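Enquirer: Which chain is which? The protein sequence lines are A and B, in order. Numbered by the numbering used here, the letters in the first sequence go through residues 11 to 523 in order. Numbered by the numbering used here, the letters in the second sequence go through residues 56 to 301 in order. Glycine included, every Cβ here is placed at the ideal spot set by N, Cα and C. Given the structure is predicted, the values throughout are model-derived calculations rather than measurements. The structure follows.
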Amino acid sequence: MSPEHRTDRRTGGDRSSAGRAAGHATFMGMPPFPEAAKSATGDSQLRHNLRKATHTIRDKRAGVVGELDDWSDLRAAGKAIKDRTLRHLDGYLEQLEEAVTAAGGRVHWAADADEANEIVTGLVLATGESDVVKVKSMATQEIELNEALAQAGITAYETDLAELIVQLSDDLPSHILVPAIHRNRAEIRDIFRDRMASWGVPAPDALSDDPRALAEAARVHLRERFLSTRVAISGANFAVADTGTMVVLESEGNGRMCLTLPETLISVVGIEKIVPTWADLEVFLQLLPRSSTGERMNPYTSTWSGVTPGDGPQEFHLVLLDNGRSDVLADEVGRQALRCIRCSACLNICPVYERTGGHAYGSVYPGPIGAILTPQLRGTASETEASLPYASSLCGACYEVCPVAIDIPEVLVHLREEVASSGGHRAEKAAMGAAGWVLDGERRLGAVQRATSAVRSLLPRRMPGPASAWTDTRDIPDIPAESFRSWWRREGAAGDGDGGAGEERDGREGGRR
Amino acid sequence: MRIALFITCVNDTLYPRTGQAVVRLLRRLGHEVVFPESQTCCGQMHYNTGYRREAQKLAVRFVETFADADAVLAPSGSCAAMVRDNYPRLGEAGSRLDRAVSELAPRVYDLSELLVDVLGVTDVGAYFPHTVTYHPTCHGLRLLKLGERPYRLLSNVRGIDLRELEGSAECCGFGGTFAMKNADVSAAMGGDKARHVAATGAEVLCAVDNSCLMHIGGTLKRQRAGVRTAHLAEILASTEQEPARI
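Here's what the structure looks like:
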């Protein structure tokens, strides 16, 4: 069922011989969005899975957001807190470092993915362990930490159910909240049955696709791992500057296992995850679950500040990750993307995402937020990143649901300006220039309209060249016998307001035959 | 009232019948319509595709053309939204363009806003004995926040049988140059929209934006679905004496 581009990427080798630490699937070298979307939109199984899943979460969110009278106030507060934090980020980062250190943790600074991977790998190697359990984390996906650990002989075990599905099938995540959203339960059953054994406790022989049976198989598979692994790696949803507290929200309790059972805990956290004070969490602990899973409250909220003797991990490392974020912060329009709390509401509402899925975006950050975040974090030099700002019809649904009011369409247009003003795109620039010239003079526009009307009966139903992008799937409209301005000059201005004659010509005689 | 018509380049070139309907409707309601001939295009396509400088030029032309107007009618939700929502982002703060925009933009209206909010009319005396479904286009819905206005106007049309459209708030997939740059996704979105439209059993699909109707209508026509499209103005202009030719 998989779109070709995904299959190609995932089946580069014989996975059974590649062994447990395979995890070679990466987004490197993904095709530009329109090309990737071509196969995705043609994949009816994928379309079915996505439509069902996104509509379910979308409707749940609408329900729990709609029941709050003060949602717009909460949203404004979330935006304001994040904006203030970003304005004074340098100060809050130092405050966080002090607080974490005072609480018995160690803080490491990583300028980019390589540095972060090097720090984490070194910390794991220092424990003498070769296995780590992982809490679902976007930051570690972003830096491809699992692949870096594998190169150092360390196996990272994903423990979030959806991340487990993705890891077992050597797939790529396609959603921020539900990385295996592109899979239905029958496919998940097959993945568990075929792949669990090579990663640990095998799935039962007669595994059905009943969600409870699937969850039980995952529970049994993971339980042994939690009990035997001494190092855990996580991210954090929030990092509280004044108390040095990390906060993780989750639904399954698997994160809680990782955060409490191991001896060493390493958290990789983007520098934009800071909130100034503990009290600020009041806003975000309402915004996030309602926007992401569509729940009033998430089942598990874990918080920890440094280490507590005799309780939980006795060694805690916080790796603060920049990896392009400072560059985003420098962009006055684009910086609002750093307010993102990774809820996925924009993915679930997006009509484009619903039809392409996440892989087409070529990044761990898919959907509307990915379309503005990825090009900012990585730049727009490559064709793939340069295609992302155009992966939107600018319908504005993402902005409407964003709990921290990121004006995604505004940033998309801003990034399109960046792409359009760079080298290349010669044909488009020429076309836009020509259109601009015609439209910057009413006589020129009138002449083009008359010329179009003159050849209207000659226009083919299917056009060659670039115009085929329209006529492959849509008829072109009937070209009227005359433009409005020409009609106005002839009889509109006369003042009787009777457009009947003109209408008849346009509607009946006009157009292609 | 004296109303300046900004026809928009798409209506001017491809849908003059919408402009003619607007003129007939407003004159029937006792208002004067003027058409400043130096107008061309709001610059939305350039702006949304990343060509800011070209869009700026067209914005300057727009504010100069309509500076003296009491009210400007743009019978296209997205063009009205371009002026109101995006023009303020085009000029440097305090520049001539910026000042002209903040002065003019509040007087630029979509048809349903002009009728309901400015002219205070929800029953325009129209007659349209057909089954109709209404697609609230994205910029009308989310930028202009037209809300119930178009429905109120339509529900007061005599003879009309208004059908509810499933998934109405979802984008049709036109998106200007998106329809060409991401033709596959655009077609997938258009296909779903066309399916919902056909499922209503309506004879006519109505909207306040002919560019969206060009996309959905083009898709329906390619499918030989037999559903016509009509701008809101065409339905509201239709009367027993001069029925719209559908």
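So with CB distances below 9 Å, who are the chain A contacts of threonine 294 of chain B?
Expert: Those within 9 Å of threonine 294 of chain B in chain A number zero; the least Cβ separation is about 11 Å.
Enquirer: Just to confirm the assignment, what range does the beta strand (DSSP E) spanning tyrosine 189 of chain B have?
Expert: 186 to 189
Enquirer: Answer with yes or no whether the minimum CB distance from phenylalanine 233 of chain B to chain C is below 8 Å.
Expert: Absent from the structure is chain C; the protein chains it does hold are A and B.
Enquirer: Counting pairs of Cβ atoms below 8 Å between the segment 123 to 139 of chain B and the segment 84 to 97 of chain B, do you hit three or more?
Expert: yes
Enquirer: If you follow the alpha helix (DSSP H) that methionine 442 of chain A is in, where does it begin and where does it stop?
Expert: 436 to 449
Enquirer: Could you check which residue in A:Met473, A:Ser336, A:Ser392 has the C-alpha nearest to that of aspartate 100 of chain A?
Expert: A:Ser336
Enquirer: Quick check on glutamine 75 of chain B - is its C-beta less than 8 Å from some C-beta in chain A?
Expert: yes
Enquirer: Compare the C-beta of arginine 25 of chain A with all C-beta atoms of chain B and state if any pair is closer than 8 Å.
Expert: Unreliable positioning characterises arginine 25 of chain A in this predicted model, as indicated by a pLDDT of 33, which lies under 50. A coordinate reading is not provided.
Enquirer: How long is the line joining the alpha carbons of glycine 389 of chain A and cysteine 356 of chain A, rounded to whole angstroms?
Expert: 22 Å
Enquirer: Taking a contact to mean a Cβ-Cβ separation below 8 Å, would you say leucine 404 of chain A touches proline 385 of chain A in this structure?
Expert: Contact flag unset, no.
Enquirer: Give me the subset of the segment 192 to 204 of chain B whose CB atoms are less than 7 Å from a CB atom of chain A, sorted by chain position.
Expert: Cys193, Arg197, Leu198
Enquirer: Can you tell me whether DSSP reads glutamate 260 of chain A as helix, strand or coil?
Expert: strand
Enquirer: To the nearest angstrom, how far is it from the Cα of arginine 205 of chain A to the Cα of proline 214 of chain A?
Expert: Answer to the nearest angstrom: the Cα atoms are 12 Å apart.
Enquirer: Flag this pair as yes or no: are the beta carbons of alanine 181 of chain B and valine 163 of chain B separated by less than 8 Å?
Expert: no
Enquirer: Per DSSP, what kind of secondary structure is glycine 280 of chain A in: helix, strand or coil?
Expert: strand
Enquirer: Rounded to a whole number of angstroms, what is the C-alpha to C-alpha distance between lysine 92 of chain A and valine 414 of chain A?
Expert: One C-alpha to the other measures close to 8 Å.
Enquirer: Would you say the segment 146 to 159 of chain A touches the segment 303 to 315 of chain A, given that touching needs at least three Cβ pairs under 8 Å?
Expert: no
Enquirer: Tell me which residue opens and which closes the alpha helix (DSSP H) that isoleucine 175 of chain A is part of.
Expert: For isoleucine 175 of chain A, the uninterrupted alpha helix (DSSP H) run begins and ends at 171 to 178, by DSSP.
Enquirer: In angstroms with no decimal places, state the Cα-to-Cα distance between glycine 195 of chain B and alanine 249 of chain A.
Expert: 39 Å
Enquirer: Is it buried or exposed for leucine 468 of chain A, if we count other Cβ within 10 angstroms and need 16 for buried?
Expert: exposed
Enquirer: Can you look up cysteine 356 of chain A in the DSSP assignment and give me helix, strand or coil?
Expert: helix
Enquirer: Does the segment 102 to 122 of chain A come into contact with the segment 359 to 375 of chain A, if we say contact requires no fewer than three beta-carbon pairs (one atom in each stretch) closer than 8 Å?
Expert: no
Enquirer: Run through DSSP, which three-state label would valine 465 of chain A get?
Expert: coil
Enquirer: Using the beta-carbon of each residue, which ones in chain B are nearer than 9 Å to valine 414 of chain A?
Expert: Near valine 414 of chain A there are no residues of chain B at all, since even the closest Cβ is about 17 Å away, more than 9 Å.
Enquirer: Got a sec, what are the start and stop residues for the beta strand (DSSP E) arginine 277 of chain B sits in?
Expert: It is not in any beta strand (DSSP E) - arginine 277 of chain B instead sits in the alpha helix (DSSP H) that spans 265 to 277.
Enquirer: Tell me whether the segment 286 to 297 of chain B and the segment 220 to 228 of chain B touch, counting them as touching only if at least three CB pairs, one residue from each stretch, are closer than 8 Å.
Expert: no
Enquirer: Which residues in chain B sit within 8 Å of phenylalanine 43 of chain A, going by Cβ to Cβ distance?
Expert: Asn237
Enquirer: Would you mind stating whether valine 329 of chain A and valine 279 of chain A have Cβ atoms separated by less than 8 Å?
Expert: Yes.
Enquirer: Keeping to the same chain, check which residues put their C-beta closer than 8 Å to that of serine 125 of chain B; ignore five residues upstream and five downstream.
Expert: The sequence given here places aspartate at residue 125 of chain B; serine does not occur at that position. The answer, listed in chain order, is Met56, Arg57, Ile58, Ala59, Arg162.
Enquirer: Under 9 Å between beta-carbons, which chain B residues line up against glycine 316 of chain A? List them in chain order, please.
Expert: Chain B residues near glycine 316 of chain A: none, gap ~45 Å exceeds 9 Å.
Enquirer: Using CA atoms only, rank isn't needed, just tell me which of A:Ser244, A:Ser432, A:Ala381, A:Glu427 is closest to cysteine 408 of chain A.
Expert: A:Ala381
Enquirer: Taking only beta-carbon atoms, is isoleucine 215 of chain B less than 8 Å away from chain A?
Expert: no
Enquirer: Run through chain B and tell me which residues come within less than 7 Å of isoleucine 382 of chain A, C-beta to C-beta.
Expert: For isoleucine 382 of chain A, there are no C-beta contacts with chain B under 7 Å, since the nearest C-beta of that chain is about 14 Å from it.
Enquirer: CB glycine 228 of chain B to CB glycine 245 of chain B, shorter than 8 Å?
Expert: Between glycine 228 of chain B and glycine 245 of chain B, the gap from beta carbon to beta carbon is short of 8 Å.
Enquirer: Consult DSSP for threonine 253 of chain A and reduce its assignment to one of helix, strand or coil.
Expert: In the three-state reduction of the DSSP assignment, threonine 253 of chain A falls in the coil class.
Enquirer: Hey, is the segment 204 to 219 of chain B in contact with the segment 234 to 245 of chain B, meaning 3+ C-beta pairs nearer than 8 Å?
Expert: Not touching, per the Cβ criterion.
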